[in-house]
Structure formats: C-alpha cells, structure tokens
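Asker: This is the structure I want to talk about, given as structure tokens.
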Amino acid sequence: MHYFAGTASVHTTAAICDYLDERATATDTVTVVAVTPPGDPTARRDAQEALNVAPVRLATVGEINTELREDDGEPAEVLLETAAAADVDELVIASVDGISNESAAVGSTAHAVLEAATLPVVVVPGPEL
Numbered sequence: 001m002h003y004f005a006g007t008a009s010v011h012t013t014a015a016i017c018d019y020l021d022e023r024a025t026a027t028d029t030v031t032v033v034a035v036t037p038p039g040d041p042t043a044r045r046d047a048q049e050a051l052n053v054a055p056v057r058l059a060t061v062g063e064i065n066t067e068l069r070e071d072d073g074e075p076a077e078v079l080l081e082t083a084a085a086a087d088v089d090e091l092v093i094a095s096v097d098g099i100s101n102e103s104a105a106v107g108s109t110a111h112a113v114l115e116a117a118t119l120p121v122v123v124v125p126g127p128e129l
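And the structure:
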C-alpha cells in the first residue's frame with residue numbers, strides 16, 4: 001500500500017502518524033509532502049521540521065519518502081497533482097493545518113482536497129493546540 005500524506009506543521013504530521021502507525025506496515029510506503037510558498041524561509045523551515053517527524057514516528061514502515069514543494073499554487077492542488085504522479089493508494093490529511101487558529105471543523109485545504117480528489121482520502125482529526 002502506498003500512503004500519501006499532506007502536511008503543514010509538526011502537529012499535522014504527528015496526527016497523520018498516529019493514524020498511519022496503526023495501519024502502515026513494513027511492506028508499505030508512506031510519502032509525506034509539505035507545500036510552502038517560494039521565498040519564505042520561515043515557512044520552509046516549519047515545513048522541513050514537519051517532514052522530519054515522519055521518519056522518526058514511522059520507523060517500522062518499509063519506505064518513507066519526504067518532499068518539500070515550494071510552489072505558488074494552492075496547497076490542495078499541489079498535493080493532488082503530486083499524489084496523482086506518485087500513483088498512491090490513499091491520501092491522508094488532517095482536518096486543519098495546525099498553524100492557523102481556524103475554528104472550522106475542516107480547513108480550506110482539506111475542503112479543497114475532498115472536493116477534487118479522485119482517490120480515497122482519509123481525514124484525521126486536526127491537532128489540538
């Protein structure tokens with residue numbers, strides 16, 4: 001099984017890893033992608049920190065890939081395009097990004113992914129901040 005996770009913070013990566021820890025096995029692959037705007041060193045640093053969580057938390061999974069995408073596009077579009085190119089089986093996202101103080105049950109990126117996805121999407125509860 002190839003799981004594809006979109007993350008925006010260490011908190012969302014941790015929430016996604018909580019879900020995958022019970023499902024992904026030594027024969028599975030997990031690809032974790034963070035999308036940041038180009039030219040924003042703070043966002044880039046935060047995204048890299050978010051990506052660093054996955055290999056540690058998912059040490060028993062067969063293969064872990066992480067990718068930092070610097071892109072001006074909408075994160076949902078970038079995640080869906082990257083997932084399609086990677087031929088994944090399941091997309092895993094958090095309900096909210098763990099960065100903003102969004103009060104919505106489902107954040108704008110999660111909502112956009114759910115509307116446009118052509119593969120199964122699992123939405124894990126967002127981190128409690």
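Under this note's numbering, think of the first position of the sequence shown as 1, with each following residue one higher.
Cβ coordinates follow ideal geometry from the N, Cα and C atoms, glycine included.
1) Write down the C-beta distance between T36 and E70 rounded to the nearest angstrom, noting that I regard them as a contact closer than 8 Å.
2) At a cut-off of 7 Å, is G39 close to the ligand PLP when judged by its beta-carbon and the heavy atoms of the ligand?
3) For P125, tell me which candidate among M1, S9, D72, Y19 has the shortest Cα-Cα distance.
4) Helix, strand or coil for V56? Go by DSSP, reduced to three states.
5) F4: which of A34, V92, T42, E81 sits nearest, CA to CA?
6) Could you tell me whether the Cβ atoms of D28 and V61 are closer together than 8 Å?
7) If I follow the unbroken alpha helix (DSSP H) through V106, where does it start and stop?
Answerer: So, to answer that:
1) By one-based count along the sequence shown, residue 36 stands at place 36. By one-based count along the sequence shown, residue 70 stands at place 70. At roughly 6 Å, the Cβ-Cβ gap stays under 8 Å, so T36 and E70 are in contact.
2) As far as ligands go, the structure on display features none, and thus does not contain the ligand PLP.
3) What you label residue 125 is simply residue 125 of the sequence shown in a count that begins at 1. The option with the nearest alpha carbon to P125 is Y19.
4) For the purposes of this step, residue 56 is identified with residue 56 of the sequence shown, where counting begins at 1. Of the three classes helix, strand and coil, the one that applies to V56 here is helix, per DSSP.
5) Locating residue 4 in the sequence shown gives position 4, counting from the first residue. Checking every option, the nearest Cα to that of F4 belongs to V92.
6) Residue 28 sits at position 28 when you count from the first residue of the sequence shown. Residue 61 sits at position 61 when you count from the first residue of the sequence shown. For D28 and V61, yes; Cβs fall inside 8 Å.
7) As a first step, residue 106 must be located in the sequence shown, where it is residue number 106. That residue, V106, is in no alpha helix (DSSP H); it is neither H nor E in DSSP.
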